[in-house]
Amino acid sequence: MKKINYSDDILHRSTQILCHKDITFEKIFVPYWEEHFSKHKLNKVLEIGCGLGYLSKILSSKLCFLYALDKASDVVSFAMEHNFSPNVKYINNDILTYDSEINFDGCFAHMSVHSIKDLDTLFANVYKLLRKDASFSFSIPHPCFYHLFRPKEMKEFSYLNVKEYDLDFNISLDQMHMHNKIKYYHRAISVYMEIAYKHKFRNISIDEIYPTEDIMKLYPEIWDYPKYIVFKLKK
Ligand SMILES: C[S@@+](CC[C@H](N)C(=O)[O-])C[C@H]1O[C@@H](n2cnc3c(N)ncnc32)[C@H](O)[C@@H]1O
89 MKKINYSDDI LHRSTQILCH KDITFEKIFV PYWEEHFSKH KLNKVLEIGC GLGYLSKILS
149 SKLCFLYALD KASDVVSFAM EHNFSPNVKY INNDILTYDS EINFDGCFAH MSVHSIKDLD
209 TLFANVYKLL RKDASFSFSI PHPCFYHLFR PKEMKEFSYL NVKEYDLDFN ISLDQMHMHN
269 KIKYYHRAIS VYMEIAYKHK FRNISIDEIY PTEDIMKLYP EIWDYPKYIV FKLKK
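First residue of the sequence shown? That's 89 in this note's numbering, and the numbers climb one at a time after it.
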């Protein structure tokens, strides 16, 4: 098989996860999403922005079949090579234009919706791809508090104004910078709520993500506020 040369950022991110440096991913979000999908085994689930596929592979044991989508071809190649699972299909496509014959039973996006500019097209397309009563859940940095964790990069923050930022990707236990920045669109919570209702989603609820006391001790600094939020919607 031909050897693929992955970028430094891809290898760096993979090492963070494999060396257990990403506490938030491993101790908070993996258990969160496992619990989220534990109630009943959904048949066909769509993941938006699967990245390197670590979460996709872990969650595949909770699902009958996962279609894990990402618009970046290099991360999808990495996921196919390093996070293969017989019930995961990695797809290199853009969720804004992705079309499928499948009526998905659920859709989730872990840390990708905030990097997508066109929320209107996103919500319209996800709605179209889901069967009736299917769920759509997505985690993003908490719009009310994230700027407090990023004081230098988000100096001009104003809660009610939508604003595009290019942020460094770093985690508490590894401050070494990646070469590429992460696109982050700040939008107030009401922006997400309004767009969800506009596209006829219902039963909207949120989880504000804050570590338990035991897990908080693993971080170099205490979180004063919930750093992330998960929106849960139903078609
Ligand atoms: C911050 S990464 C998160 C990756 C992964 N979910 C994780 O938590 O490690 C965001 C991912 O969303 C993908 N993405 C952004 N816009 C997208 C779009 N319109 N369609 C599909 N994937 C997209 C990016 O290529 C990137 O891999």
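Even glycine gets a Cβ: it sits at the ideal position worked out from N, Cα and C.
The structure presented is a predicted model; accordingly, all values stated were derived computationally and were not measured.
**Request:** Please go through the same chain and pick out, in chain order, the residues whose beta-carbon is closer than 6 Å to the beta-carbon of E252, but skip the five residues on each side of it.
**Result:** Y273
**Item:** Candidates K286, L154, S260 and I294: closest to E114 by CA position
**Value:** S260
**Asked** Got a sec, what are the start and stop residues for the beta strand (DSSP E) F192 sits in?
**Response** F192 to H198
**Prompt:** Say the cut is 7 Å; is the CB of C107 nearer than that to a heavy atom of ligand 1?
**Reply:** no
**Request:** Figure out for me which residue from K320, D262 and I179 has the closest Cα to the Cα of D97.
**Result:** D262
**Message:** Is the separation between the beta-carbon of A197 and that of G137 shorter than 8 Å?
**Reply:** yes
**Asked** Around the Cβ of Y107, are there at least 16 other Cβ atoms within 10 angstroms (buried) or fewer (exposed)?
**Response** The sequence as given places Cys at residue 107; Tyr does not occur at that position. Classification of C107: exposed, given that the 10 Å Cβ count is below 16.
**Request:** Output the distance between the C-alpha atoms of L248 and E296, rounded to the nearest integer angstrom.
**Result:** 19 Å
**Request:** Please name the residue, chosen from L218, L306, N180 and I270, that lies closest to K205 on a Cα-to-Cα basis.
**Result:** I270
**Prompt:** Within 7 Å: the Cβ of L154 and any heavy atom of ligand 1?
**Reply:** no
**Exposed unless 16 or more other CB atoms sit within 10 angstroms - verdict on Y285** = exposed
**Asked** Under the criterion of a Cβ to heavy atom distance below 7 Å, does D97 qualify as lining ligand 1?
**Response** no
**Request:** Return the chain-ordered list of same chain residues with a C-beta closer than 7 Å to the C-beta of F125, the five sequence neighbours on each side being excluded.
**Result:** L147, K150 and L151
**Exposure of P231, with buried meaning 16 or more beta-carbon neighbours within 10 Å** = buried
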